[in-house]
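Peer 1: In this note's numbering, the protein residues as written are 10 to 364. Even for Gly, the Cβ is constructed at its ideal location relative to N, Cα and C.
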Ligand code: NAD
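(1) Considering only residues of the same chain and omitting the five flanking positions on each side of residue 350, which have a CB-CB separation below 6 Å?
(2) What distance in whole Å lies between the Cβ atoms of residue 302 and residue 190, which are believed to be in contact at a cut-off of 8 Å?
(3) Could you give the residue range of the alpha helix (DSSP H) that holds residue 332?
(4) For residue 196, which of helix, strand or coil comes out of DSSP?
(5) According to DSSP, residue 150 sits in a beta bridge with which residue or residues?
(6) What does the alpha-carbon distance come out to for the pair residue 129 and residue 157?
(7) Using only the alpha-carbon positions, how far apart do residue 306 and residue 314 sit?
(8) Output needed for residue 325: all residues of its chain with C-beta closer than 7 Å, excluding positions within five of it in sequence on either side, in chain order.
(9) CA-CA distance, residue 146 and residue 356?
(10) On a CA-only basis, which of 106, 154, 87 is nearest residue 176? Give me that one, please.
(11) Ends of the beta strand (DSSP E) at residue 128?
(12) For the alpha helix (DSSP H) containing residue 30, list its first residue and its last residue.
(13) Flag residue 193 as yes when its Cβ comes closer than 7 Å to any non-hydrogen atom of ligand 1, and as no otherwise.
(14) Looking at the structure shown, is residue 85 part of a helix, part of a strand, or coil, going by DSSP?
(15) Once you ignore the five residues that flank residue 257 on each side, which residues in its own chain have a CB closer than 6 Å to its CB?
(16) Return the first residue and the last residue of the beta strand (DSSP E) that residue 94 is part of.
(17) Go ahead and pull the three-state DSSP assignment for residue 304.
Below, the structure is given as structure tokens:
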């Protein structure tokens, strides 16, 4: 049976997370940016990347697995290339700064590529594509994960060798259609969704997990604890495995922070590498025609008669928009176990407020 859920006001939740992160030693502007990024993920329906991560972030602060005094280093800064070493600092502020700078380059020159290495968890990657789309730019993002034990088995393998390595593509809105956003882990399901399933006392979808013997399981227990037992499976067999590998090459190798192979430092935090490309549609032709063609294609795809009339065909990005509208009005649902974990983190950090 699933546990009862509470509804939280997003502004209150953001303030609570900011307080906890500050209490752990984060600089106030970093804490506010990270908290906003997490709560935005909750609002968009990605609770796996929301405020429930604060207890893990608190552990990282305590163990020195995030650099609270990070000072970014620019490794390259040409007209169309930006390479940054984030010095182990917080993900959201470094990610947002990188996107802002790369968008200026792409708007001036039509195209830009940017990498970010040695950065703490970037959280929900779609937020960076949304930032670029709001500036009128197409963007592609490839992310790898290091410092953490691997979570995803390679196709045909029986133990974990990859992170959940997300791939994300954003395409700006047209006057009649909001931005396209494909933002996905390359595992069948994200690890946070296994943690939430365990907290809620429900099974994970079949085919998404293997146990420590390499056998299929729907029990989230083994992958929800501190000691990870088993592995997530790659999305779409060899195809997701290939994309996860591409993330290691693009984000880990080109990004300069390294791949998840055991020679790369593994202290138990979450470090991301990011490789992104930004494109100004105006550099590729007549933007009026592009907008009309985008709309025509979307109308065509979405008009496919649904197999189930309760589940119509959607434009990628629609699920996040729909849930954000609902949660902004009704509040963010949070299960009892996640609330307890957040309150325990507050207690350990000496914060008096509770959810
Ligand atoms: P998901 O499966 O919920 O959604 C994937 C994408 O599919 C989204 O773009 C969504 O808009 C789209 N989508 C969903 N249903 C659809 C439908 N019916 N029709 C059309 N499009 C649809 O996402 P996920 O794979 O569980 O990833 C969750 C989040 O985890 C992502 O935001 C990702 O960036 C994040 N993540 C981050 C890291 C990291 O290290 N920073 C690692 C892994 C995942």
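Peer 2: With the structure as the only source:
(1) Answer for residue 350: 64, listed in chain order.
(2) Going by Cβ atoms, the distance from residue 190 to residue 302 rounds to 19 Å, so no, they are not a contact pair.
(3) 327–339
(4) strand
(5) 177, 285
(6) One C-alpha to the other measures close to 11 Å.
(7) 15 Å
(8) 189, 190, 191
(9) 43 Å
(10) 154
(11) 120–129
(12) 19–32
(13) yes
(14) strand
(15) 153, 268
(16) 90–94
(17) In the structure shown, the three-state DSSP call for residue 304 is helix.
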